[in-house]
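Data first, discussion second: the structure below is written as structure tokens.
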Amino acid sequence: MNSARILLELQATDKELATLRLKYHKVSSNLKSEGGLPSLREHAEKARIGELEARLESAKLESESALLRERLAALEERLYSGAITNVRELTAIETEHASAKRELSQIEEAIDPSQLAAEEAREAREVRQAELEDAERSWSKSELQLRREQRRLGLQCMAMDKERQAAASSIPAEDLSLYNSLLVRKGGIAVVRVERGVCQGCRVKLPLRELSRIRTARGLVSCSSCSRILLGE
């Protein structure tokens with residue numbers, strides 16, 4: 059069997075090996091991504107923190123409102139007790155009372171929106187948590203299958219790689235080097251057949267001189283058009 063025919067068989071092995079490796083890397087990538095769990099966990103944590111911050115803001119406003127009410131009650135008691143007779147002191151308390159009332163009004167206006175935001179944050183957190191729990195249940199079922207598939211494909215790749223090495227060992231180093239170079243440059247098709255005088259790589263009709271060389275040459279013959287290794291009819 060000449061080198062061109064052996065290389066054509068090697069090319070079929072390389073094509074199958076490339077397909078297996080692609081499947082192996084895809085499975086490995088799926089395992090590494092954990093079914094998208096890291097991203098879902100991040101979103102769930104952000105939603106949890108968002109809810110906590112919204113609740114804290116709402117609680118802060120309610121606390122400030124309660125303190126201001128107490129402060130206003132104390133100021134009103136002083137204003138209307140009749141104990142203060144100094145005009146300057148009375149004016150200062152009235153100013154402080156008016157300022158506290160404005161501040162309380164602003165805070166009370168913000169309480170309802172803050173409570174709504176807290177409720178929306180809670181709902182968002184529950185949605186994210188439910189998505190995460192669903193994904194975790196799904197991943198727990200698929201992870202084992204993926205690991206089995208990864209092992210199966212890995213063993214197949216190793217076995218086929220040994221098969222390739224054995225086949226390549228019988229090919230002259232110069233021919234193998236040319237083949238490997240063409241395999242990269244020609245999209246995985248380094249060796250092609252000649253059918254009815256036509257190169258099946260570039261579909262160009264070969265000149266008679268080239269067809270004669272394919273029949274008589276002891277070494278490899280390359281297509282003058284696409285440079286691929288030719289295997290005669």
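Counting from 59, one number per residue, gives the positions in the sequence shown under my numbering. C-beta atoms are modelled at their ideal positions from N, C-alpha and C, and glycine is treated no differently. Everything numeric in this text was worked out from a predicted model, so none of it was measured.
(message) For the pair the stretch 86-102 and the stretch 201-214, tell me if three or more CB-CB distances fall below 8 Å.
(response) The stretch 86-102 is in contact with the stretch 201-214.
(request) Enumerate in chain order the residues of its own chain whose CB-to-CB distance from Ile165 is below 6 Å, with the five nearest sequence positions on each side excluded. (result) The answer, listed in chain order, is Leu119, Glu122 and Ser123.
(message) Let's see if you can read the secondary structure: which residues bound the alpha helix (DSSP H) around Leu133?
(response) Leu95 to Tyr138 is the span of the alpha helix (DSSP H), which, as asked, contains Leu133.
(request) Please classify Ser285: does DSSP put it in a helix, a strand, or coil? (result) Residue state, collapsed to three classes: coil.
(message) Under DSSP, the alpha helix (DSSP H) around Arg209 begins and ends at which residues?
(response) Val145 to Ala226 is the span of the alpha helix (DSSP H), which, as asked, contains Arg209.
(request) Can you say whether Ile287 is buried or exposed, counting buried as having 16 or more other CB atoms within 10 angstroms of its CB? (result) Burial call: buried.
(request) Could you check which residue in Glu253, Gly255, Val252 and Ile247 has the C-alpha nearest to that of Ala70? (result) Of the listed residues, the one whose Cα sits closest to Ala70 is Ile247.
(request) Compute the Euclidean distance between the alpha carbons of Ala112 and Leu130, then round it to the nearest angstrom. (result) One C-alpha to the other measures close to 27 Å.
(message) For the pair the stretch 95-112 and the stretch 177-186, tell me if three or more CB-CB distances fall below 8 Å.
(response) Per the Cβ contact rule, the stretch 95-112 is in contact with the stretch 177-186 (3 or more Cβ pairs under 8 Å).
(request) Can you tell me which of the three DSSP states Lys84 falls into? (result) Under the three-state reduction of DSSP output, Lys84 falls in the helix class.
(request) Spatial neighbours of Ala76 within its chain, please: CB distance less than 8 Å, with the 5 preceding and 5 following residues excluded, ordered by chain position. (result) Contacts found: Gly246.
(request) Give the secondary structure of Val242 by DSSP, where H, G and I count as helix, E and B as strand, and everything else as coil. (result) DSSP, read as helix, strand or coil, puts Val242 in helix.
(request) Leaving aside the five residues before and after Glu194 along the sequence, list all residues of the same chain whose C-beta is less than 7 Å from its C-beta, in chain order. (result) Leu95.
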